[in-house]
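Novice: Numbering (the working numbering), first residue to last: 47 to 494. Every residue gets a Cβ at the ideal spot worked out from N, C-alpha and C, and that includes glycine. I am attaching a structure below and will ask some questions about it afterwards.
Shown next as structure tokens:
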């Protein structure tokens, strides 16, 4: 889906943020629920689905592959076609801004004997796809795209796929999940080896749908084994709320004086909760209330209060995979801490919707913060509460998380901060402006 005209938006210093922030459903789980529901036999019902553009694009893609995907009241209903039952789309698959969507879809279709052409918006067309198409080639699929392995790209699926044993060269849940989804329609055992654990929503959900999945910790790393060609059973799925979206009201509450915000029903999967652990290490007043389990995923209510005594820390590099999408907003919190926050092992940030290290470093420098960076690391020198000068217009490079991070920064800066385009926020957090406004944030649209 193409992106429309730019929509600049300004955030200015807010009074205390107070209230309950009901953030959208988890994006990672929402993508997987639609894809696996389409590959199951029968009717899968999903409540709490994130209705951001990224997930809606995945739903449209599953319709193109032959599944029925419809919304009935507050529930999304998917009539699956079974493993091996996907059909060749009549047109190309447009994944908009979603790297997760396109990579998972490539995996799901790669072991079917037909061709699919994938494209996306300007940001997605810059992102590398070889990290997925290389392991899919081991199944027998072939990929033809632009130079550098970029979209638009046609993937010719394997008509006689073979099982694969693959060690991921970099920590990536997208790569792991693409290989496992491809393995569903391959005979025998497909094995993925992770040196560093990544978010495990695919393994959990595959098991819930009836696939035979085993996970073993060995000297090689975390070994995930999938038995191919299962019959997937339809499910009733309740999507927990997205910890990556929760990061924004939580972090805003920590840096805006007087704030007290409750974010209910947040997914706290250990492979996703690294940000909250890091914030606590920095001295954040962040508590878990009513911990419980829903649909195989741990959840709790998070309460975040203004924390004037935050301190810079060195974030353990092994934590990166569990919070890779949260480093942009963490850097904003780091700017309000005393001392330097060091983030290492984060090369993945260079190949997200944009180069997130460069985008955040450039914007923070424009707002009066000292930042140093290298290929896979960066450091932010905090200036303590109120130390963020602001007064800048920041380029977000079509990246929703960069936009939201600087809008949160504007809530705690001496001068207002403007992002050059708030439009991409709709891809993952369509109610961001209304939700933050209900807590007390102040946003102003910028006239052309």
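Check whether the Cβ atoms of residue 249 and residue 217 lie closer than 8 angstroms to each other.
Specialist: Contact flag unset, no.
Novice: Closer than 8 angstroms is the cut-off here; do at least three beta carbon pairs connect the segment 335-350 with the segment 427-434?
Specialist: no
Novice: Anyone know if the C-beta pair for residue 212 and residue 199 falls short of 8 angstroms?
Specialist: no
Novice: For my contact list, residue 205 and residue 159 are in at a C-beta cut-off of 8 angstroms; report their separation, rounded to the angstrom.
Specialist: 3 angstroms
Novice: With residue 82 as the anchor, note down where its beta strand (DSSP E) starts and where it stops.
Specialist: Looking at the DSSP string, residue 82 is not in any beta strand (DSSP E); the run it does join, the alpha helix (DSSP H), is 73-85.
Novice: Just how far apart, CA to CA, sit residue 412 and residue 220?
Specialist: 33 angstroms
Novice: Going by CA-CA distance only, name the one from 174, 81, 74 that's closest to residue 399.
Specialist: 174
Novice: Just curious, the beta strand (DSSP E) that residue 398 is in, first and last residue?
Specialist: First-last for residue 398: undefined, no H or E at that position.
Novice: Skipping 5 residues on each side, what residues in its chain have a beta carbon closer than 6 angstroms to that of residue 315?
Specialist: 343
Novice: Within its chain, find whatever has a CB closer than 7 angstroms to the CB of residue 376; leave out the 5 residues flanking it on each side and keep chain order.
Specialist: 321, 324
Novice: Going by the beta-carbon positions, is the gap between residue 466 and residue 51 smaller than 8 angstroms?
Specialist: no
Novice: Could you tell me how far apart the beta carbons of residue 84 and residue 152 are, in whole angstroms, since I believe they sit closer than 8 angstroms?
Specialist: The beta-carbon distance between residue 84 and residue 152, rounded to whole angstroms, is 15 angstroms. This is too long to meet the 8 angstroms contact definition.
Novice: Go to residue 177, then tell me how far its alpha helix (DSSP H) extends in each direction, as first and last residue.
Specialist: 176-185
Novice: Determine the closest residue to residue 214 out of 73, 203, 226, 207, with distance taken between C-alpha atoms.
Specialist: From the listed residues 73, 203, 226, 207, the smallest Cα separation to residue 214 is found for 226.
Novice: Would you mind stating whether residue 474 and residue 291 have Cβ atoms separated by less than 8 angstroms?
Specialist: Using a Cβ distance threshold of 8 angstroms, residue 474 and residue 291 count as a contacting pair.
Novice: From residue 47 to residue 138, what distance separates their C-alpha atoms?
Specialist: Because residue 47 sits at a pLDDT of 45, beneath the cut-off of 50, its placement in the model cannot be relied upon, and the following sentence gives the value as read from the coordinates. Their backbone Cα atoms lie some 12 angstroms apart in a straight line.
Novice: Counting only runs that start and end within the segment 374-447, where is the alpha helix (DSSP H) found for 4 or more residues in a row?
Specialist: 402-412
Novice: Would you please state the rounded distance, in angstroms, between the beta carbons of residue 154 and residue 182? I believe it to be under 8 angstroms.
Specialist: Approximately 10 angstroms separates the beta-carbon atoms of residue 154 and residue 182; this is outside 8 angstroms, ruling out the contact.
Novice: Which residues does DSSP pair with residue 117 in a beta bridge?
Specialist: 122
Novice: Which residue marks the beginning of the beta strand (DSSP E) containing residue 238, and which one marks its end?
Specialist: 235-240
Novice: Please state if the CB of residue 63 and the CB of residue 305 are separated by a distance shorter than 8 angstroms.
Specialist: yes
Novice: Report the three-state DSSP secondary structure of residue 48 (helix, strand or coil).
Specialist: With a pLDDT of 47 at residue 48, under the threshold of 50, the predicted position of this residue should be treated as unreliable, and no value is reported.
Novice: Roughly how many angstroms lie between the CA atoms of residue 361 and residue 203, to the nearest whole one?
Specialist: The straight-line gap from Cα to Cα measures roughly 41 angstroms.
Novice: Considering only residues of the same chain and omitting the five flanking positions on each side of residue 340, which have a CB-CB separation below 7 angstroms?
Specialist: The residues are 284, 286.
Novice: Whose CA, out of 486, 491, 99, lies closest to the CA of residue 307?
Specialist: Minimum Cα-Cα distance from residue 307 among the listed residues 486, 491, 99 corresponds to 486.
Novice: Does the structure place the segment 441-448 close enough to the segment 404-419 that three or more beta carbon pairs sit under 8 angstroms?
Specialist: The segment 404-419 is in contact with the segment 441-448.
Novice: So, with DSSP's three-state summary, where would you put residue 362?
Specialist: If DSSP states are grouped into helix, strand and coil, residue 362 belongs with coil.
Novice: Have a look at the DSSP bridge pairing and note the partners of residue 225.
Specialist: Looking at the DSSP assignment, residue 225 forms no beta bridge with any residue, so it has no partner.
Novice: Taking the alpha-carbon positions, what's the residue 57 to residue 478 distance?
Specialist: 13 angstroms
Novice: Do you know how far the Cα of residue 260 is from the Cα of residue 228?
Specialist: Spanning the two alpha carbons is a distance of roughly 17 angstroms.
Novice: Between the C-alpha atoms of residue 271 and residue 235, what's the straight-line distance to the nearest angstrom?
Specialist: Inter-residue distance for residue 271 and residue 235 is about 6 angstroms (C-alpha atoms, whole angstroms).
Novice: Does the Cβ of residue 447 have 16 or more other Cβ atoms within 10 Å, making it buried, or fewer, making it exposed?
Specialist: buried
Novice: Please determine, among 118, 116, 318, 168, the residue with the shortest C-alpha to C-alpha distance to residue 141.
Specialist: 168
Novice: Check for me: the beta strand (DSSP E) holding residue 273 runs from which residue to which?
Specialist: 267-273
Novice: Where do the N-terminal and C-terminal ends of the alpha helix (DSSP H) with residue 102 fall, by residue?
Specialist: Residue 102 -> alpha helix (DSSP H) spans 99-110.
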